[in-house]
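> I have a structure here, written as structure tokens, and I will follow up with some questions on it.
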Ligand code: PGA
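In the numbering used here, the protein residues as written are 412 to 679.
Below is the structure:
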């Protein structure tokens, strides 16, 4: 982590929770919050049908943001099954995940589609959480950095610096997602350094503002190790975000790390 960037923790619920279950989670989770959201940007990304229920629960009053898991790049039209950035804004979303590896792998989302989604989200004033990451085969072949650099280039090349600074990048090695097998913190830290390097090439000074998250089997017992890496600014969390107690433990861990970091900054 770096005191200059506010850590961000996003819950990706994937295809889990009805509106009622989402509200039950929120009651329990919000009951535990006591000031952590001043130090950590917390985002909850439920499935679309749960968005209005959570919008009604006024997460913002407790410092928590609402996000979506996907978006289409057009604002309206004949695109059956799709949802536009404006529609997401209308149900309270400030953030949106784009290019998650499950969308890339199971729904054939191309780099070009990811680029359009990212730009459409920015255009609407939303914060896109751009997911990048290599497969196990690519890592074994020594191509992890190259693959991730290419994904970043495809999505971000040519973006003006004002917009680029609002992007959040989630580095998620595909083999670590939902498997219970996280990356080693050191490896994730090295990849985050490589991501920052590429971001500097693509976005210049704006790269220092971009938060880089780690994702892939983040859990309360391993998260602090990831946050200790200089270029890791938070996490994108699937499984461990489904239970209020484990997601809160992650939020608390990030808040503590941010406090320690600020203390170090003052001492210097
Ligand atoms: P996981 O999912 O935490 O269950 O590995 C992470 C993600 O897909 O964003």
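Even glycine gets a Cβ: it sits at the ideal position worked out from N, Cα and C.
Which residue comes first and which comes last in the beta strand (DSSP E) that contains residue 539?
Counting along the chain, the beta strand (DSSP E) containing residue 539 begins and ends at 538–543.
> Would you say the segment 657–677 touches the segment 459–473, given that touching needs at least three Cβ pairs under 8 Å?
Taking 8 Å as the limit for Cβ pairs, the verdict is that the segment 459–473 does not touch the segment 657–677.
> Give me the DSSP bridge partner(s) of residue 621.
Answer is none; residue 621 lacks a bridge partner.
> Return the first residue and the last residue of the alpha helix (DSSP H) that residue 613 is part of.
Taken as a continuous stretch (DSSP letters only), the alpha helix (DSSP H) holding residue 613 covers 596–614.
> Quick check on residue 448: buried or exposed, where buried means 16 or more other Cβ atoms within 10 Å of its Cβ?
Looking at its Cβ environment, which holds 16 or more other Cβ atoms inside 10 Å, residue 448 is buried.
> Drop a sphere of 10 angstroms on the beta-carbon of residue 582, count the other beta-carbons inside from all chains shown, and report buried for 16 or more, exposed for fewer.
With 16 or more other Cβ atoms within 10 Å, it is buried.
> Quick one: Cα of residue 517 to Cα of residue 535, how far?
When rounded, the distance between both Cα atoms is 26 Å.
> Of the choices 519, 521, 476, whose alpha-carbon is the least far from that of residue 502?
Among 519, 521, 476, the Cα nearest to that of residue 502 belongs to 476.
> Quick check: does the Cβ of residue 538 come within less than 6 Å of any heavy atom belonging to the ligand PGA?
Residue 538 Cβ: outside cutoff for every heavy atom of the ligand PGA.
> Does the ligand PGA have even one heavy atom less than 6 Å from the beta-carbon of residue 628?
Residue 628 Cβ: within cutoff of the ligand PGA.
> On a CA-only basis, which of 658, 550, 500, 598 is nearest residue 625? Give me that one, please.
Considering only alpha carbons, the answer is 598.
> Let's test the definition: count the other Cβ atoms within 10 Å of the Cβ of residue 426 and tell me whether it reaches 16, buried, or not, exposed.
Residue 426 comes out exposed.
> Do you know offhand how far residue 673's Cα is from residue 442's?
Cα to Cα, the separation comes out at about 26 Å.
> What are the start and end residues of the beta strand (DSSP E) that includes residue 441?
Premise fails: residue 441 lies in the alpha helix (DSSP H), 430–443, not in any beta strand (DSSP E).
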